[in-house]
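Have a look at the structure below before the remarks.
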DNA sequence: ACCTCGACCTGCAAGC
DNA sequence: TGCTTGCAGGTCGAGG
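So this is what it looks like as structure tokens:
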């Protein structure tokens, strides 16, 4: 998509999880893609018009890329959106459970003046791509990227300060850390030997340095995500996890001998080992 | 302001 | 065999 134009946009239905914005196809058509990025679980595509296409895969959404007119790919009833690009390729958004969405954000009303703070942090990530300016509430609320230098034991501890919810619920809160979902929240807590039932504030900073639990948890989040990306893990493939979906099976931690339990927290299932996770 | 919970959606598995 | 029911996931808004 990068550098090419939307020649045609086909919507096979009026909505995904939410309705498409007004004039969605019309606003995309003819614009050139200037950048493609990810923030948390959101995908952002900045356009020459100043608009930003904001997309989310939900849980079952994915993209297929094919040469335009290629008949090799069988049309599927869950092909909801087609982007026909000037590059000669068609990008198909397929989402059986329709939990994904697409939306458009206009350009920021006022161009963001670089504050002292943002100048400092942008230097800290100078090797990363500059984040495209977009004003979109769900994006504005996101916490730090877990694999960035902004996400540290200190930032995690700060985000947990005063939080009376469970540690598991805190990890799913995208304001604490962006992009962690239900599976890897369980996995990270197991790796860090921390109980999902513990109150989030118990790992927070009180006065000085972050507690060792925050240090461990931040490291485990980075480790678990880095491994998942490297191994291209997905719950739809053959991936097996250390605790997720392993209720009743033995804990895989060396010498632990505990049994994985499944509990419900905030209407979502959590898997953990009651023996080694404290 | 914080927190919990249900709605959204559909494929699949379990139970009758 | 064929039906119903429940569950999974991420986000958001209603209500406590």
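Residue numbers (this note's numbering): 3 to 280.
For every residue, glycine included, the Cβ atom is placed at its ideal position computed from N, Cα and C.
Open item on the list: Let's test the definition: count the other Cβ atoms within 10 Å of the Cβ of residue 209 and tell me whether it reaches 16, buried, or not, exposed.
Closed with: exposed
- [ ] Entirely within the region 33-57 and at least 3 residues each: give me those beta strand (DSSP E) ranges in chain order.
- [x] 35-41, 44-49
Open item on the list: Using the Cβ count rule (16 or more neighbours within 10 Å means buried), how would you classify residue 25?
Closed with: exposed
TODO: Leaving out five residues on either side along the sequence, give the residues of the same chain with a beta carbon under 6 Å from the beta carbon of residue 152.
DONE: 146
- [ ] To the nearest angstrom, report how far apart residue 98 and residue 5 are at their CA atoms.
- [x] 29 Å
Task: Cutoff 7 Å; reference residue 159; Cβ partners in own chain excluding five residues on either side - done: 205, 206, 207, 212, 213, 216
- [ ] Select from 254, 50, 231, 259 the residue whose C-alpha is nearest the C-alpha of residue 148.
- [x] 231
Open item on the list: Tell me the rounded alpha-carbon separation between residue 143 and residue 79.
Closed with: 34 Å
Task: Closest Cα partner of residue 88 within the set 9, 102, 69 - done: 9
- [ ] Give the single residue among 84, 280, 233 whose Cα lies nearest to the Cα of residue 199.
- [x] 280
Task: Best match in 247, 60, 14, 107 for proximity to residue 94 [C-alpha to C-alpha] - done: 14
Open item on the list: Which runs of the beta strand (DSSP E) at least 3 residues long sit entirely within the region 55-93? Give them in chain order.
Closed with: 64-69, 81-87
TODO: Please state if the CB of residue 168 and the CB of residue 2 are separated by a distance shorter than 8 Å.
DONE: Residue 2 is absent from the model: the chain starts at 3 and stops at 280.
Task: When 91, 37, 278 are compared against residue 193, the one with the closest alpha-carbon - done: 278
Task: Distance, residue 82 Cα to residue 27 Cα - done: 13 Å
- [ ] Below 6 Å CB to CB, which residues in the same chain sit around residue 272 once its five sequence neighbours on both sides are set aside?
- [x] 170, 188, 198, 265
Task: Cβ shell of residue 59 (< 6 Å), same chain only, five flanking positions each side left out - done: 102
Open item on the list: For residue 20, count the other beta carbons within 10 Å of its own beta carbon; 16 or more makes it buried, fewer makes it exposed. Which is it?
Closed with: exposed
Task: Secondary structure of residue 157, DSSP reduced to three states - done: helix
TODO: Assign residue 235 to one of two classes, buried (16 or more other C-beta atoms within 10 Å of its C-beta) or exposed (fewer than that).
DONE: buried
Task: CB-CB length for residue 36 against residue 49, believed under 8 Å - done: 7 Å
Task: Length of the line joining the Cα atoms of residue 11 and residue 108 - done: 19 Å
Task: Where residue 150 falls: helix, strand or coil (DSSP) - done: coil
TODO: Pick helix, strand or coil for residue 273, following the three-state DSSP scheme.
DONE: strand
TODO: Output the boundary residues of the beta strand (DSSP E) element that contains residue 107.
DONE: 103-107
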